[in-house]
Amino acid sequence: RVALARQYIGVGDWENAKRNLELAQQIDPDSAEVAEAFALVYQSTGEYEMAEMQFRAALEADPSLSRARNNYAAFLYSQGRFIEAEREFFRVTEDTLYSGRPMAFVNLGLCRLQLEDSAGAEAALTRALSMDRRNPVALLEMGFLRLEAGDTDDAKGYHGVYRTVSPQQSPRGLLLGLEIAEQTGDQDALGSYELALRNLYPDSPEYRGWMDRQS
């Protein structure tokens, strides 16, 4: 029933997902997996108080269920509750058997960036890259961190690997290229990245922010 509900969640059929989860709950009222799946449904339908209640129920039923803790941390992050999210992601990273651990380290790093903890963010992102060298988010954020630290060579290195992993660069990827070019005085690269950002992502916050800085 839970597996079926997850299939319905995957296609956005919330009513059938709920129906199967209610049947599953009748079979096992204390199932952490049922509570977690309910939480995902409520989060998707904007019922955030219900979602949090179900996430907490899942973790109370099984504190070792790292997938539920990871999803709860992502929920907290989406709500702007970065201190709580950081704590939960950190607990997920302590589960050495959890298959999503590399991405949990990335998310831990993103939380720490929001909390303006650059050293902590770099430590988490470095751990993520030691497990998954091709993670585009970790590569990009490490590039920005190294640039902030004044190490343009390292920043260029991370950006170079990012470009091989993501040939279709995101607005943030192009912005990193722009900022490196500005720091190194590479006018050709500067013009190229600015043109790409304007043509591909004219409505992006990255492009608007860049243009505001130039005016």
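With the working numbering, letter number 84 in the sequence shown gets 1057, and the count goes up by one each step, no holes.
From the three backbone atoms N, C-alpha and C, an ideal C-beta is built for every residue, glycine too.
| So, helix, strand or coil for Q1142, using DSSP? | Residue state, collapsed to three classes: coil.
| said: Does M1184 pass the burial test, meaning 16 or more other C-beta atoms within 10 Å, or should it be called exposed? | reply: By the neighbour-count criterion, in which a residue is buried when 16 or more other Cβ atoms sit within 10 angstroms of its Cβ, M1184 is exposed.
| R1040 to Q1160, Cα distance in whole Å? | Near 46 Å, if we compare the C-alpha coordinates of Q1160 and R1040.
| request: With a threshold of 16 other CB atoms inside 10 Å of the CB of N1172, please say whether the residue is buried or exposed. | output: Burial call: exposed.
| Collapsed DSSP secondary structure at D1161 in the structure displayed | DSSP, read as helix, strand or coil, puts D1161 in helix.
| query | For the stretch 1013 to 1020 against the stretch 995 to 1005, are there 3 or more C-beta pairs whose distance is under 8 Å? | reply | Output reads no: the stretch 995 to 1005 does not touch the stretch 1013 to 1020.
| task | Go to S1091, then tell me how far its alpha helix (DSSP H) extends in each direction, as first and last residue. | result | For S1091, the uninterrupted alpha helix (DSSP H) run begins and ends at 1091 to 1104, by DSSP.
| message | Distance check for L994 and Y1131, CA to CA, integer angstroms please. | response | When the Cα atoms are used, Y1131 and L994 turn out to be separated by approximately 44 Å.
| said: So L1081 and A1092 are supposed to be a Cβ contact under 8 Å. How far apart are they, rounded? | reply: Taking a contact as a CB-CB distance under 8 Å, the pair L1081 and A1092 does not count as one, their CB atoms being some 13 Å apart.
| task | Determine, using beta-carbon pairs with one atom in the stretch 1037 to 1051 and one in the stretch 1060 to 1068, whether at least three such pairs fall under 8 Å. | result | Touching, yes, given that three or more Cβ pairs across the two stretches are closer than 8 Å.
| Exposure label - G1133; buried when at least 16 CB within 10 Å | Exposed, by the Cβ-count rule.
| said: Rounding to the nearest angstrom, what Cα-Cα distance links E1089 and A1111 in this structure? | reply: Rounded to whole angstroms, the separation of the alpha carbons of A1111 and E1089 is 16 Å.
| Residues near M1023 in its chain [Cβ-Cβ closer than 6 Å; skip 5 each side] | A distance below 6 Å between beta-carbons, with the five flanking residues on each side excluded, links M1023 to the following residues of its chain, in chain order: Y1015.
| Can you tell me whether DSSP reads D942 as helix, strand or coil? | Since the first and last residues shown for the chain are 974 and 1188, residue 942 lies out of range.
| said: In this structure, how does DSSP classify P1175 when only helix, strand and coil are distinguished? | reply: DSSP, reduced to helix, strand and coil, places P1175 outside both helices and strands of the structure shown, so it counts as coil.
| Near E1155, which residues of its chain fall below 8 Å by C-beta distance, leaving aside the five closest residues on each side in sequence? | Within the same chain, E1155 has close Cβ partners L1163.
| Terminal residues of the alpha helix (DSSP H) in which S1037 lies | From DSSP, S1037 is part of no alpha helix (DSSP H); its letter is neither H nor E.
| query | By Cβ distance below 7 Å, which residues in the same chain neighbour V1079 in space, the five residues on each side in sequence not counted? | reply | Here V1079 has L1098, A1101, N1108, V1110, A1111 as same chain residues with Cβ atoms under 7 Å from its own Cβ, once five neighbours each way along the sequence are excluded.
| query | Would you call I1153 buried or exposed, if buried means 16 or more other Cβ atoms sit within 10 Å of its Cβ? | reply | Within 10 angstroms of the beta-carbon of I1153 lie 16 or more other beta-carbons, which makes it buried.
| query | DSSP on S1072, reduced to helix/strand/coil? | reply | Note: S1072 maps to coil in three-state DSSP.
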